[in-house]
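Each residue of the sequence shown is one higher than the last, beginning at 17 in the working numbering. Where a beta carbon is used, it is the ideal one built from N, C-alpha and C, also for glycine. Just so you know, these numbers come straight off a predicted model, no measurement behind them.
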Amino acid sequence: MATGEGKTLTAGLAACVAGVAGMPVHVVTVNDYLAERDAATLGPLYAFAGLRVGVVHHGIEPAERRLAYACDVTYCTNKELVFDYLRDRVAAGGRASAAQLRSRQLYDGAALQPPLLRGLHFAIVDECDSILVDEARTPLILAVKAGPVDHAAALPQALRIAGGLERGLHWSLNAARREIRLTDAGRAQATTACQDLGVPWPAAHVREHLVVQALCALHLYRRDHQYLVDADGKVQIIDEYTGRVLPGRTWEQGLHQMIETKEGVPLSEQTRTLARITYQRFFCRYLRLAGMTGTARELAHELSVVYRLETVVVPTHRPVVRTVLKARLCADAASKWQAVAAFAAQRQAAGQPVLVGTRSVEASEELSAVLASRAVEHQVLNARQDAEEAAIVAAAGRRGAVTVATNMAGRGTDIALGEGAAGLGGLCVVLTEFHESPRIDRQLFGRGRARGPRMRCRDRGARRRAVRPAWRRRLQAAALGAADASRADGVLDRRRARGGTASRGAHARPHPARHLAAGSATRQDDVHFRGPDMNRTLISLLTLALPWSAWAEMAAPAGGPKPGSGGYACLIEPMQRIELRSPVEGRIAAIHAERGAEVRKGQILVELDTASERAALEGARFRAHMQGQIRSADSRLSAAKEKFQRRDELLKEKFIANQDRDDALAELNQADAAAAEARDNQRLAALEQQRLAELVEQRRLRSPVNGIVTERLQGVGEIAQAGDGARPVLRLAQTQPLRVEVVLPVAMLGKVKVGSTGIVEPEPPLGGRHVATVTIVDRVVDSASGTFGVRLELNNPKGSITAGVKCRTRFE
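What follows is the structure, encoded as structure tokens:
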């Protein structure tokens, strides 16, 4: 549902239905502010339905949490909910049923502390694309304090050694995965640098770990971007998706203490991991799962495959009347901030409220300084002002208000317009930098309501994007070649000569690897192009970042065919790329597929050592099939029944005393208990056999798709680590089906629909004509180039079509 269409109320109605049916409901939001606001807003609705509503937020005591979860409807954040679940797991000693917990209480005689949660019955996830997709594989780790840091003196030594290492020579960066690895030269340099140092430097694995963590602290984690230092001198993590501080959260494996050493603040205690889980694994455990967001249309396939959820697009109640202005491409960061400040001052003078979105705390404070120098009255909302969030948001819609905010003003924030602001155009939203995910940008744009307040269609909002500046010459030469780079320079120079900026369509956006702009927020470390798709990646970026005429001038040969003639140019790509990891830790015993091998879905690719599990499995299988003990117990039970029946008849005739009958009854009860115990033992052995069989199966890594092995990262004999952050064993690319993405002219909009077919013609030497089905049609049109995007699914049952081949697509 689009922003302003009533997702909060819709969730309340669904929660009421489930609550009245007796099902505990968890309404999951992305931050404490939204949880408390929505619970207070919909409180009268739940009271009318006779339901109790509770709120779980950071800082409340376990007893209060237990009472909140005991309510019919509970509002909570995703992080608080998952950590409470982990606390229950740790308190129960792992997975345990209610009967097992009760048995432990009876056996130990100790008071049983009830769990916080009542179970995972029904969850309604607000902003589900952020929680279920963007953060799906983020590990959430429950840890306890483990005392002072061991070898604290080694941390500044590691930073000093890491500062002397050179990128490319001593270490390499995988920017997409945010991973740093030492080269052989880097290991040798680190060994030489620590020869005169004591413990723990002599140990090679400890030495490498310390140096890598120091490199991460220096090059991957930046102050006021990934973290901030608060007034108490503590390093606080900033959530990149919400822009909020995560109080009490720390990075693991000594990284947090390394960053504290870098910032010169007191070291916190080291931690010991008790339990960990990802959002993907957690939310799949709910009996009923639903979600809502304004930006999930393009994620329908992922939600269907991973969570088995159907995505329904609800149209707006009335036509969207939001006004969209063209974007501006500035020469550098300074001119960008000046342009934003000038635009904000202009709108403020007209009385229109303005919301300016930035990516980081640092950027928001830089813009605030520029606005202050222009005497523009404004408010700043970032992780440093989270305590005043409600007051700042309440004032953001007043006439002439200017608010500079990070992602905190994005998802779910309801900015109500003040008196008279609607007639001046509503809320004006300015985006200063693009995020990795375009959905985060669209969430910020959604603060300018599509239909205006109180559904009045004449109220308009405006949004304006000032994007990052000029292309780096170094990257142009590396990715496009000298000739294309010269053309790119010429186009931008002509744009600057006309007025200092280059514009493009408002709905277009750059490729995710869009760190091609120079300025304060762009560093050499941010850019990483490699592989055969490098030229195509940068061409895609330029295609979307400049007007169509500018791209054609750079990329199309002079006098060549117009785009779209003779079919539309495209590229055949794998449907998805998969990293195969082990769910359990173990030694790799066999790998059945090498690089380049074709694999089938369900095929065993890797086997871990299962010697101990197989031995235990054989023992459990033997016990499960033992019938002699059960037959003996049944015979004893049958004899005891006959004896009791005879004694009962004799007692009725008064031939024997009551004591004789009672002795027979006691013998019958003993025989019955023995027979039941024998059957229980067999049942437990069968369950143990099933559990061990599942453990053995877990140590067989099967291919989840039909595809090809693109890379082998570990070998036989190595230890495969468990968990989402562990090093994968293999990397796969799905080749059945394949994916084709095409950019079409706006004239085709309405002619090409989901379910329609297209003819894909790969370039020679492959050739041929193949039928593909349209799965996604992007309804957002680039107003500058007059194009929109389409994705097709191309069946490849025999594997005859190769991914990475250029092609042309026709629609008949």
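The straight-line gap separating the alpha-carbon atoms of ASP255 and ALA691 is approximately 59 Å. For VAL222, the enclosing alpha helix (DSSP H) has its first and last residue at 220–235. Counting only the Cα atoms, PRO60 lies some 46 Å from ARG194.
Annotation for THR327: ALA312, ARG313, LEU315, ALA316, LEU319, SER320 place their beta carbon closer than 8 Å to its own, counting only its chain and skipping 5 residues before and after. Less than 8 Å separates the beta-carbon of ASP740 from that of ARG153.
Take ASP246, set aside five residues on each side of it, and the residues of its chain with a beta-carbon closer than 7 Å to its own are GLN252, in chain order.
The three-state secondary structure of PHE827, taken from DSSP, is coil. In this structure, PRO753 and GLU595 do not form a Cβ contact; the two beta carbons are roughly 20 Å apart against a cut-off of 8 Å.
Between ILE431 and VAL446 a beta carbon distance of about 14 Å is seen, past the 8 Å cut, so the two are scored as non-contacting.
DSSP places THR154 in the coil class of the three-state scheme, outside both helix and strand. Per the C-alpha coordinates, the member of GLY612, ALA357, ALA673 positioned closest to SER384 is ALA357. When the beta-carbon positions are compared, CYS92 and ALA51 come within less than 8 Å of each other. Distance between GLY802 and GLY179, taken at the CA atoms: about 49 Å. The straight-line gap separating the alpha-carbon atoms of SER651 and ASP688 is approximately 10 Å. Residues ALA65 of the same chain have their beta carbon placed closer than 6 Å to that of CYS32, with the five preceding and five following residues left out of the count.
Judged by DSSP secondary structure, VAL758 falls within the beta strand (DSSP E) whose first and last residues are 754–761. For SER384, the uninterrupted alpha helix (DSSP H) run begins and ends at 377–389, by DSSP. Comparing alpha-carbon positions, the option among THR294, GLY783, ASP240, THR287 lying closest to VAL377 turns out to be ASP240. Straight through space, the alpha carbons of ASP145 and GLN706 are spaced by roughly 36 Å.
Counting only runs that start and end inside the region 335–373, the alpha helix (DSSP H) elements of at least 4 residues fall at 349–365. Counting the other CB atoms within 10 Å of its CB gives LYS668 a total below 16, which places it among the exposed residues. Residue environment analysis places PRO778 among the buried positions, since at least 16 neighbouring C-beta atoms fall within 10 angstroms of its C-beta.
Here the alpha carbons of ASP100 and ASP696 stand approximately 34 Å from one another. Positions of the alpha helix (DSSP H) runs, each at least 4 residues long and wholly inside the region 172–223, are given as 200–209 in order along the chain. Of the other Cβ atoms in all chains shown, fewer than 16 fall within 10 Å of the Cβ of ASP212; this residue is therefore exposed.
With 16 or more other Cβ atoms inside 10 Å of its own Cβ, GLU629 counts as buried. ARG718 is not a Cβ neighbour of GLN592, given a cutoff of 8 Å. Within the DSSP bridge table, the entry for PRO590 names LEU754 as partners. Of the other Cβ atoms in all chains shown, fewer than 16 fall within 10 Å of the Cβ of ASN685; this residue is therefore exposed. Taking all protein chains shown into account, HIS333 has fewer than 16 neighbouring C-beta atoms within 10 Å of its C-beta and is therefore exposed. The alpha carbon of ILE735 has as its nearest neighbour, out of LEU624, PRO590, VAL821, SER654, the alpha carbon of LEU624.
Proximity of the region 781–795 to the region 603–614 falls short of the contact definition, fewer than three beta-carbon pairs being nearer than 8 Å.
Cβ contact annotation for GLY731 (same chain, cutoff 8 Å, sequence separation greater than five): ILE604, ILE607, in chain order. By the Cβ neighbour-count rule, GLU96 is buried, with 16 or more other Cβ atoms within 10 Å of its own. Counting C-beta atoms within 10 angstroms of its own C-beta, ILE140 has 16 or more neighbours from the protein chains shown and is therefore classed as buried. Three or more beta-carbon pairs separated by less than 8 Å are not found between the region 357–369 and the region 216–229, which leaves the two stretches without contact.
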